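Notes follow the structure.
Number of protein chains: 2
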Amino acid sequence: MTLPRIAVDAMGGDEGVQVMIDGAALARRRHDRFNFLLVGDQPRIEAALVAHPNLRAASEILHAEDVVSGEEKPTQALRRAKTTSMGLAIEAVKRGDAGAAVSAGNTGALMAMAKMALRTMPGIDRPALAALLPTLGDNDLVMLDLGANTDCDARNLVQFAIMGAAYSRIVTGLESPRVRLLNIGTEEMKGTGALREAAAELKAADKSLALSFDGFTEADKISRGDVDVVVTDGFSGNIALKAVEGAARFVADLLKRSFASSLRSKVGFLISRPATELLKHHLDPNNHNGAVFLGLNGVVVKSHGSANAAGVANAVAVTARLLEENLTERITADLAKVGAEVIRKPARARAAAAAEAGQ
Amino acid sequence: MTLPRIAVDAMGGDEGVQVMIDGAALARRRHDRFNFLLVGDQPRIEAALVAHPNLRAASEILHAEDVVSGEEKPTQALRRAKTTSMGLAIEAVKRGDAGAAVSAGNTGALMAMAKMALRTMPGIDRPALAALLPTLGDNDLVMLDLGANTDCDARNLVQFAIMGAAYSRIVTGLESPRVRLLNIGTEEMKGTGALREAAAELKAADKSLALSFDGFTEADKISRGDVDVVVTDGFSGNIALKAVEGAARFVADLLKRSFASSLRSKVGFLISRPATELLKHHLDPNNHNGAVFLGLNGVVVKSHGSANAAGVANAVAVTARLLEENLTERITADLAKVGAEVIRKPARARAAAAAEAGQ
Chain Z
1 MTLPRIAVDA MGGDEGVQVM IDGAALARRR HDRFNFLLVG DQPRIEAALV AHPNLRAASE
61 ILHAEDVVSG EEKPTQALRR AKTTSMGLAI EAVKRGDAGA AVSAGNTGAL MAMAKMALRT
121 MPGIDRPALA ALLPTLGDND LVMLDLGANT DCDARNLVQF AIMGAAYSRI VTGLESPRVR
181 LLNIGTEEMK GTGALREAAA ELKAADKSLA LSFDGFTEAD KISRGDVDVV VTDGFSGNIA
241 LKAVEGAARF VADLLKRSFA SSLRSKVGFL ISRPATELLK HHLDPNNHNG AVFLGLNGVV
301 VKSHGSANAA GVANAVAVTA RLLEENLTER ITADLAKVGA EVIRKPARAR AAAAAEAGQ
Chain P
1 MTLPRIAVDA MGGDEGVQVM IDGAALARRR HDRFNFLLVG DQPRIEAALV AHPNLRAASE
61 ILHAEDVVSG EEKPTQALRR AKTTSMGLAI EAVKRGDAGA AVSAGNTGAL MAMAKMALRT
121 MPGIDRPALA ALLPTLGDND LVMLDLGANT DCDARNLVQF AIMGAAYSRI VTGLESPRVR
181 LLNIGTEEMK GTGALREAAA ELKAADKSLA LSFDGFTEAD KISRGDVDVV VTDGFSGNIA
241 LKAVEGAARF VADLLKRSFA SSLRSKVGFL ISRPATELLK HHLDPNNHNG AVFLGLNGVV
301 VKSHGSANAA GVANAVAVTA RLLEENLTER ITADLAKVGA EVIRKPARAR AAAAAEAGQ
């Protein structure tokens with residue numbers, strides 16, 4: 001099967017064009033079915049490609065004069081959708097010139113541009129950013145939203161749950177992934193009104209959805225392997241994800257420091273290197289890089305701004321998998337099966353439907 | 001100097017009376033100036049004290065017939081303030097019969113009871129739960145709110161910053177602790193309206209406060225040692241704290257698993273035990289147990305529900321330190337120095353002041 005090609009925004013990211021190109025080249029070495037549309041400043045992309053003749057042969061370059069900066073407001077970036085590398089990468093997906101887009105640029109701008117060009121799926125008000133996180137169980141877990149939506153109401157959270165379950169099914173093969181809402185306690189009375197309302201709706205609709213709703217979970221329990229999808233608003237999700245990353249780095253630094261504190265420990269460190277390497281592999285965010293915007297009519301993947309080439313390659317691999325597994329079609333089909341009373345259409349659509357029914 | 005005695009709610013916590021008594025006994029062995037008022041079911045407390053004649057000699061028992069349960073709503077618990085161990089422990093602080101109270105019970109009930117009995121300080125709308133967290137720097141950091149207030153407005157956050165700085169000064173000895181607001185990015189436009197407003201107020205008032213406001217921080221950067229006080233709403237704070245705890249446990253479990261995976265690693269583990277013990281010590285939440293409600297006219301400390309005896313002893317030690325250092329008086333004095341335009345009195349008090357001025 002030929003895979004649709006992947007549009008890479010070569011200009012996004014804190015680490016520059018070379019890291020994006022190195023990452024694409026690494027992904028290409030691993031899977032020679034991958035083909036790319038590299039979007040950005042042509043001379044700089046050409047220069048970065050000199051080291052990678054294999055990638056060069058599998059890529060087309062689409063020149064973009066402009067770059068979306070990290071500090072730019074989404075509304076500003078939207079106005080430059082036709083000239084920036086990010087905007088043109090997404091535009092290529094819209095035109096069908098690429099199957100998916102990957103960018104390491106400004107998350108807010110990427111979300112706004114993707115929503116504008118690709119539109120949300122029927123029944124979805126807002127896309128959510130979802131990533132796979134490691135657990136102590138057999139499967140990775142899907143967590144969303146990780147920062148695309150600062151404020152979320154109950155309806156957003158219910159839609160996130162349905163989309164997260166669809167993503168989890170692709171990754172885990174489970175028929176009915178276990179879904180929980182992130183909260184500051186597991187008792188029914190805990191948390192915000194939106195959380196309590198979403199929990200009640202998911203509990204009531206549980207049977208009609210292809211997921212098993214297990215109530216609330218707390219942030220210290222998400223990696224134990226007893227939950228497949230963790231749903232939260234983008235503010236809390238971003239805080240939780242970064243807290244985990246920071247704690248992992250804190251531990252790694254402490255470990256290094258404590259191993260260095262005596263000769264005995266140094267010897268222990270050398271002998272136990274395979275163990276600590278395994279640990280490092282598990283904790284390195286590059287190995288979990290690649291968050292997808294769920295709920296769009298197309299696949300758009302966000303690579304971490306500070307990811308290295310291995311991280312970028314990982315984000316490309318995630319993108320390819322979502323294309324192979326027909327993520328967009330499967331979520332759309334899931335949503336179509338769900339009763340309208342569960343995902344509830346936006347107020348405007350409801351009003352339009354009511355007006356039509358009245359004719 | 002004689003320390004005021006500490007009222008211990010012997011019935012709170014998931015681990016039962018014995019752990020609370022064992023913890024108090026451990027704290028007493030370390031500091032023989034400590035005296036206690038042990039509040040709860042007298043026969044059970046007496047039974048738990050059999051193993052601790054030293055603690056017995058330094059304690060009075062106050063019988064309470066009732067216990068606040070973990071699932072109880074704060075409003076329900078408030079009605080039983082005169083009969084429950086938690087209510088009577090706080091009541092003892094109000095009467096001056098104890099200098100401070102420690103409880104491992106229901107956080108919401110403890111907050112409600114403490115607020116009702118002790119009242120908030122002048123200029124403070126809501127108390128906040130603050131804890132000390134380890135960093136890679138020389139000092140622990142103060143983080144608040146950790147779950148007392150699910151929703152916070154800009155005024156709450158500004159008040160938390162002032163109180164957190166006062167606590168930090170006690171712990172670190174710094175004249176002007178570095179304060180940051182927890183957010184999902186460091187750019188000015190990021191986050192909720194309340195966060196942006198609080199940042200603007202703190203920036204404008206920075207000079208008149210005994211703190212140095214450094215803008216926003218993200219959850220992956222709080223333990224690096226370049227910030228002394230992290231301010232957040234109770235929902236995000238609770239999520240961040242638990243995410244860190246969960247990540248630390250995840251790493252410890254992974255480490256154990258990876259060390260067990262080969263003979264070579266097992267040998268490495270044994271040789272490097274001093275290093276991993278140091279790590280364990282740093283990561284064990286019991287070693288950081290004891291969160292204080294800042295903003296009350298009195299010291300009330302929350303011990304983690306699942307803390308062991310060492311954790312309870314740590315919470316008692318935190319309590320004693322706050323008494324010795326006159327936490328309540330120092331925060332009250334700090335608040336008095338701050339201009340009313342910064343901490344802004346509650347609307348009702350402002351209206352009353354206006355009415356009075358109009359007479």
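Here the protein sequences come in this chain order: Z and P. Numbering follows my numbering, in which position 21 of the first sequence is assigned residue number 21; successive positions increment by one, without gaps. Numbering follows my numbering, in which position 168 of the second sequence is assigned residue number 168; successive positions increment by one, without gaps. Glycine included, C-beta positions come from ideal geometry on N, C-alpha and C. In this text, all values refer to a predicted model and were calculated from it rather than measured experimentally.
- By the beta-carbon neighbour count (other beta carbons within 10 angstroms, threshold 16), Met189(P) is exposed.
- Only residues of its own chain outside the window of five on either side were considered, and among them Lys190, Gly191, Leu195, Phe216 have a CB closer than 6 Å to the CB of Asn183(P), listed in chain order.
- By a beta-carbon distance limit of 8 Å, Met121(Z) contacts Leu335(Z). Their separation comes to about 6 Å.
- At a beta-carbon threshold of 8 Å, none of the residues of chain P lie near Ser303(Z); the nearest stands roughly 17 Å away.
- Straight-line measurement puts the Cα of Asp140(Z) at about 10 Å from the Cα of His288(Z).
- Scanning Leu202(P), Ala165(P), Val300(P), Gln18(P) for the CA closest to the CA of Val229(P) turns up Ala165(P).
- The C-alpha of Asp97(Z) is placed about 21 Å away from the C-alpha of Ala313(Z).
- For Glu188(Z), no alpha helix (DSSP H) encloses it, and the DSSP letter there is neither H nor E.
- Taking the beta carbon of Phe216(Z) as reference, no residue of chain P falls within 7 Å; the closest one sits roughly 12 Å away.
- Residues of the stretch 241-256 of chain Z with a C-beta less than 9 Å from any C-beta of chain P: Leu241, Lys242, Ala243, Val244, Glu245, Gly246, Ala247, Ala248, Arg249, Phe250, Val251, Ala252, Asp253, Leu254, Leu255, listed in chain order.
- When DSSP states are grouped into helix, strand and coil, Asp66(P) belongs to the strand group.
- Under the Cβ criterion of 8 Å, Glu197(Z) is not counted among the residues facing chain P.
- In the structure shown, Val8(P) falls within a strand segment according to DSSP collapsed to helix, strand and coil.
- Within a 10 Å sphere around the beta-carbon of Gln159(Z) sit 16 or more other beta-carbons, which makes this residue buried.
- Straight across, the Cα-Cα distance linking Gly295(Z) with Ala109(P) is about 40 Å.
- Burial check for Lys207(P): the Cβ neighbour count within 10 Å stays below 16, so the residue is exposed.
- One alpha carbon belongs to Ser69(P), the other to Phe213(P), and they sit about 40 Å apart.
- Taking 8 Å as the cut-off, the beta carbon of Leu146(Z) is found closer than this to the beta carbon of Ala130(Z).
- In the three-state reduction of the DSSP assignment, Ser212(Z) falls in the strand class.
- Check the Cα spacing between Asn54(P) and each of Leu62(P), Asp41(P), His31(P), His63(P): the tightest is with His31(P).
- The beta carbon of Phe213(P) does not come within 8 Å of any beta carbon belonging to chain Z, so the residue lies off that interface.
- At a C-beta separation below 7 Å, Ser223(Z) has these neighbours in chain P: Gly246, Phe250.
- Less than 8 Å separates the beta-carbon of Gly105(Z) from that of Gly12(Z).
- Within chain Z, no residue has its CB atom less than 8 Å from the CB of Ala205(P), the nearest being about 25 Å off.
- CA-to-CA, the gap between Met163(P) and Val244(Z) works out to about 27 Å.
- Leu118(P) sits in a helix when the DSSP states are folded into three classes.
- With 16 or more neighbouring CB atoms inside 10 Å of its own CB, Ala248(Z) falls in the buried class.
- In the DSSP assignment, Phe36(P) falls within the beta strand (DSSP E) that extends over 36-40.
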